[in-house]
Amino acid sequence: MAKEQEENGNGSSSLLVELSLGEAAEGFELEKAICSHGLFMLAPNHWDPVSRSFSRPLRLTSPPLTVTVRISQPLTSSSSTLYLRVYGASSLSPPHRHSLLNQVSRMLRLSESEENKVREFRSIVEALHGEEEATEYLRSFSGRVFRSPTLFEDMVKCILLCNCQFSRTLSMAKALCELQFEIQHQISSSKAAEDDFIPKTPAGKESKRKLRVSKISMRLESKFTVSKVDNSVSDLQLSQEPHDFVGMGSFPSPEELANLDESFLAKRCNLGYRASRILKLAQGVVQGNIQLTQLEEDCKETSLSSYDKLSQRLRQIDGFGPFTCANVLMCMGFYHVIPADSETIRHLKQVHSKSCNVQTVGRDVELIYAKYAPFQFLAYWAEMWHFYGQRFGKLSELPVSDYKLITASNMKNKKIATRKRSKTSAEE
1101 MAKEQEENGN
1111 GSSSLLVELS
1121 LGEAAEGFEL
1131 EKAICSHGLF
1141 MLAPNHWDPV
1151 SRSFSRPLRL
1161 TSPPLTVTVR
1171 ISQPLTSSSS
1181 TLYLRVYGAS
1191 SLSPPHRHSL
1201 LNQVSRMLRL
1211 SESEENKVRE
1221 FRSIVEALHG
1231 EEEATEYLRS
1241 FSGRVFRSPT
1251 LFEDMVKCIL
1261 LCNCQFSRTL
1271 SMAKALCELQ
1281 FEIQHQISSS
1291 KAAEDDFIPK
1301 TPAGKESKRK
1311 LRVSKISMRL
1321 ESKFTVSKVD
1331 NSVSDLQLSQ
1341 EPHDFVGMGS
1351 FPSPEELANL
1361 DESFLAKRCN
1371 LGYRASRILK
1381 LAQGVVQGNI
1391 QLTQLEEDCK
1401 ETSLSSYDKL
1411 SQRLRQIDGF
1421 GPFTCANVLM
1431 CMGFYHVIPA
1441 DSETIRHLKQ
1451 VHSKSCNVQT
1461 VGRDVELIYA
1471 KYAPFQFLAY
1481 WAEMWHFYGQ
1491 RFGKLSELPV
1501 SDYKLITASN
1511 MKNKKIATRK
1521 RSKTSAEE
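Add 1100 to a position in the sequence shown, counting from 1, and you land on the number used in the numbering used here.
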């Protein structure tokens, strides 16, 4: 790894960090690694189809430091490195560099174990299909499924994916990042913060909630104590970012969410019943009842027995049913279980002519994708992603404004999807 400091034209510093791809260098394409799952479309992620670069804020640890990072891949075919342009820092301490590289590697699944899985999956596809033209999408699929820089963000976003159209998932993720910016920078007035973040409680319940309100008030007050110098630095840093992140922060941390009022969070971010689940998850992490680091350590052995144990532990978290648990475990590197929902049912009916339902979909996906074991999900998702591309065009080239068009109803009707997309493009 090498780094190079560079001064920008208006006086703000940025840093170039090179990340070696190591054994993943052969055949690695940043575009395919990023644009491989709907998670890449959720705030605060931003893929630029023109520069083919990815940017987002990242929280570096020890001590805490939030920076915006743009990831790009040199155009040379022999390149074995990624360029990480870090905005908002003139230098990085060794712990900050370590945190940066770990988070980027997690998003792109650049670990040795993930690389082995990619190769094993490609070998299975090659053995089953050879050079069949009809299954070219399986060979072109990278075998890497994009995920978040932290397990907590993955878990929250898996909650956001449940029981709603993707357009709402997009808006909820964006609202959470806007809320984080408000918490961090206090863009709302003091009165608005007092009225909104501290809910008005009936007198009869005031004594029971006095302590909780006090904690919320103290927490937000400490969060909002920002000097004029710090504000000017933040504004300067934002002006240097490759994408317009003004008004949007990073993804909120467990500590930022844990003490918020449920009704406020539900209303502010349009979360509905998900607010309760997200709050309980954040509180569990903060209180030490949910050990995220231990969960990640335990998933290094992706065996069937470890999957069952982890699944049982996740199921103990409020709101983590089979679909959410399977999605989270997929993010953690388990690919033998397919998270099945109504979209899976639609896909099997439309592509495989399977007349399935909620009761039979689990059995049906097992029958169809069993030959790819233990990578059934990768085969299923490569197929699903391929048909999304057929409906909406190359997903890595979609403008952000078109992400909301990726819905089940538009997947069923190609004409509707095309017409809506054309209309949106015309309005831009």
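Built from N, CA and C at the ideal position, the CB exists for glycine as well. From a predicted model like this one, the values you see are computed outputs, not experimental measurements.
Selection from the options that minimises the alpha carbon distance to residue i
| i | options | result |
| --- | --- | --- |
| PRO1163 | LEU1139, THR1424, LEU1200 | LEU1200 |
| GLY1171 | SER1180, SER1155, HIS1198, VAL1461 | Gly is not the amino acid found at residue 1171; the sequence shown has Ile there. Minimum Cα distance to ILE1171 is reached at SER1155. |
| LYS1217 | SER1136, ALA1124, ARG1197 | ALA1124 |
| SER1113 | ALA1375, PRO1439, GLY1188 | GLY1188 |
| ASP1441 | SER1242, GLU1232, PHE1423, GLN1476 | PHE1423 |
| THR1250 | GLU1466, MET1432, MET1484 | MET1432 |
| VAL1204 | SER1191, LEU1498, ARG1185, TYR1373 | ARG1185 |
| LYS1257 | CYS1425, ARG1446, GLN1490 | CYS1425 |
| GLU1356 | LEU1208, SER1211, SER1411, PHE1281 | PHE1281 |
| SER1363 | GLN1387, SER1501, ARG1377, LEU1404 | ARG1377 |
| TYR1469 | LYS1400, TYR1480, ALA1508, ASP1148 | TYR1480 |
| ALA1358 | GLU1278, GLY1384, VAL1245, MET1484 | GLY1384 |
| MET1430 | ARG1209, HIS1146, SER1190, ASN1510 | ARG1209 |
| SER1242 | VAL1500, GLY1122, ALA1133, CYS1369 | ALA1133 |
| ILE1390 | LEU1371, LYS1400, SER1179, LEU1410 | LEU1410 |
| VAL1451 | MET1511, TYR1407, TYR1373 | MET1511 |
| ALA1508 | LEU1192, GLY1462, ILE1445, LYS1471 | ILE1445 |
| LYS1367 | LEU1116, LEU1279, GLU1401, CYS1399 | LEU1279 |
| LEU1379 | LEU1260, SER1190, VAL1500, CYS1135 | LEU1260 |
| LEU1498 | TRP1147, GLU1129, VAL1461, PRO1194 | TRP1147 |
| GLY1347 | GLU1129, PRO1157, GLY1138 | PRO1157 |
| TYR1503 | THR1269, SER1248, PRO1194, HIS1196 | THR1269 |
| SER1213 | GLU1466, ARG1244, SER1191 | ARG1244 |
Beta-carbon spacing of residue i, residue j below 9 Å
| i | j | result |
| --- | --- | --- |
| ARG1222 | ARG1239 | yes |
| GLU1131 | GLN1173 | yes |
| VAL1167 | LEU1160 | yes |
| HIS1436 | ALA1473 | yes |
| PHE1492 | LEU1381 | no |
| ILE1438 | GLN1476 | yes |
| GLY1349 | HIS1285 | yes |
| TYR1488 | LEU1478 | no |
| VAL1428 | MET1255 | yes |
| THR1181 | LEU1121 | yes |
| CYS1399 | SER1406 | yes |
Counterpart residues of residue i in DSSP-defined beta bridges
| i | result |
| --- | --- |
| GLU1118 | TYR1183 |
| LEU1165 | LEU1160 |
| ASP1148 | SER1153 |
| ILE1468 | None, per the DSSP bridge assignment. |
| ARG1206 | DSSP output for ARG1206 lists no bridge partner at all. |
| ILE1171 | PHE1154, LEU1184 |
Within-9 Å CB hit, residue i to chain C
| i | result |
| --- | --- |
| PHE1492 | The structure shown has no chain C; it contains just one protein chain. |
| message | For a minimum of 4 consecutive residues, which ranges assigned as the alpha helix (DSSP H) are wholly contained in the stretch 1363–1431? | response | 1374–1386, 1392–1398, 1404–1415, 1422–1431
Quiz item: Any contact of the stretch 1128–1147 with the stretch 1268–1278, i.e. 3+ C-beta pairs under 8 Å?
Solution: yes
Practice task
Decide if the stretch 1410–1418 is in contact with the stretch 1448–1455; the criterion is three or more beta carbon pairs, one per stretch, under 8 Å apart.
Solution key: no
**Prompt:** Quick check: the stretch 1228–1235 against the stretch 1257–1268, are there 3 or more CB pairs under 8 Å?
**Reply:** no
| Which whole runs of the beta strand (DSSP E) in the stretch 1187–1237 are 3 residues long or more, in chain order? | none
For this session: Counting only runs of 4+ residues fully inside the stretch 1473–1517, write out the alpha helix (DSSP H) ranges in chain order.
Result: 1476–1492, 1508–1512
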